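**Q** Position 104, counted from 1, in the sequence shown is what my numbering calls 122; the numbers after and before it change by one each time, with no gaps.
Note that beta-carbon positions come from the ideal geometry of N, C-alpha and C, so glycine has one too.
The structure displayed is predicted, hence computed values, not measured ones.
Mind looking over this structure? Questions follow.
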Amino acid sequence: SAAVTAKGRLYTWGRGSYGRLGHGDNIDQTTPKMVAALKDVFIVDVACGSGDAHTLAVSDQGHVYGWGDGDYGKLGLGGCNGTPTPMLLSQLKNDGVFITRVFCGHQFSLALSKEGHLYAFGRADNGRTGAGEDRALRTPTLVQGLLGYQIEKVSVGACHVVCMSTNGDIIVW
């Protein structure tokens with residue numbers, strides 16, 4: 019589990035395997051513990067994988083951090099290695115993309131930009147990322163099929179996604 023305080027502090031607790039809690043270890047936490055690696059970062063959003071052992075967080079600067087299990091590139095760090103401490107997704111930062119929300123599905127992740135663009139990474143088979151690829155996406159990839167829409171809301175299931183545009187259009191895959 020994860021929670022963000024009004025002061026932007028991130029706390030995690032629960033099962034610690036694969037480093038999913040971001041404390042630099044695999045130790046289970048029975049009570050909320052602040053993620054020390056992000057103590058100087060104001061966090062505004064967090065998403066936990068459903069049993070997939072990965073976590074993503076967004077700062078008030080629009081930067082995304084990922085940690086835990088890295089299978090299929092679902093951390094967006096360029097490979098499939100995991101990490102027990104939060105790592106900055108440098109591609110989005112370097113490209114000047116300001117992210118406002120993150121989402122975790124079954125072995126894949128999504129990031130929503132301030133402009134309403136959606137970026138996908140991780141396991142892509144059966145169309146789960148919406149990026150039109152069946153190969154794993156190891157870095158954030160713009161979902162081209164949504165470019166005619168300004169996405170406002172996103173809901174992620176295990177292997178499907180539902181989006182709503184600012185015009186009220188519903189897009190699913």
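Starting from the Cα of L107, find the closest Cα among G166, Q162 and R156 and give me that residue.
**A** Reading the sequence shown from its first residue, position 89 is the one you call residue 107. The candidate whose alpha carbon is nearest that of L107 is R156.
**Q** Output the distance between the C-alpha atoms of F121 and L128, rounded to the nearest integer angstrom.
**A** Translated into the one-based positions of the sequence shown, residue 121 becomes position 103. Translated into the one-based positions of the sequence shown, residue 128 becomes position 110. Distance between the alpha carbons of F121 and L128 is about 5 angstroms.
**Q** Go through its chain and collect everything with a Cβ distance to T49's Cβ below 7 angstroms, but skip five positions before and after it.
**A** By 1-based counting over the sequence shown, the position of residue 49 is 31. The answer, listed in chain order, is W31.
**Q** Tell me whether A55 sits in a helix, a strand or coil according to DSSP, three-state version.
**A** For the purposes of this step, residue 55 is taken as the residue at position 37 of the sequence shown. Reduced to three states, the DSSP call for A55 is helix.
**Q** By how many angstroms is the C-alpha of L28 removed from the C-alpha of V172?
**A** As a working note, residue 172 is residue 154 in the sequence shown. As a working note, residue 28 is residue 10 in the sequence shown. V172 and L28: Cα-Cα distance of roughly 22 angstroms.
**Q** Determine the closest residue to V82 out of I61, G67 and G100, with distance taken between C-alpha atoms.
**A** Here residue 82 corresponds to residue number 64 of the sequence shown, with the count starting at 1. Checked all of I61, G67 and G100; the closest Cα to V82 is I61.
**Q** Closer than 7 angstroms by C-beta to C177: which residues in its own chain qualify, once you throw out the five before and the five after it? Chain order, please.
**A** Walking along the sequence shown from the start, residue 177 turns up at place 159. Closer than 7 angstroms at the Cβ level, and outside the excluded window around C177, lie G123, H124, N144 and R146.
**Q** Please report the distance separating the alpha-carbon of R33 from that of Q47.
**A** Here residue 33 corresponds to residue number 15 of the sequence shown, with the count starting at 1. Here residue 47 corresponds to residue number 29 of the sequence shown, with the count starting at 1. If I take the Cα positions, the gap works out to 7 angstroms.
**Q** Could you please give the first and the last residue of the uninterrupted alpha helix (DSSP H) stretch that includes N93?
**A** As a working mapping, residue 93 is identified with position 75 in the sequence shown. Rather than Asn, the amino acid found at residue 93 in this sequence is Leu. First-last for L93: undefined, no H or E at that position.
**Q** Run through DSSP, which three-state label would Q125 get?
**A** Residue mapping note: residue 125 aligns to position 107 of the sequence shown, counting from 1. Three-state result, Q125: coil.
**Q** By alpha-carbon positions, which one of N44, V180, R38 and L56 ends up nearest to V22?
**A** By one-based count along the sequence shown, residue 22 stands at place 4. Among N44, V180, R38 and L56, the Cα nearest to that of V22 belongs to L56.
**Q** Terminal residues of the continuous beta strand (DSSP E) containing K171?
**A** As a working note, residue 171 is residue 153 in the sequence shown. I169 to V174 is the extent of the beta strand (DSSP E) around K171.
**Q** My assumption, with CB atoms under 8 angstroms, is that G80 sits in contact with F139. Please give the rounded CB distance.
**A** As a working mapping, residue 80 is identified with position 62 in the sequence shown. As a working mapping, residue 139 is identified with position 121 in the sequence shown. The pair is not a contact, with the Cβ atoms about 16 angstroms apart (cut-off 8 angstroms).
**Q** CB-CB under 6 angstroms to G67, same chain, minus the five flanking residues each way: which ones, in chain order?
**A** Your numbering for residue 67 matches position 49 in the sequence shown. Cβ within range, chain order: C122.
**Q** With 16 other CB atoms within 10 Å as the buried threshold, where does I169 fall?
**A** For the purposes of this step, residue 169 is identified with residue 151 of the sequence shown, where counting begins at 1. I169 is buried by the Cβ-count criterion.
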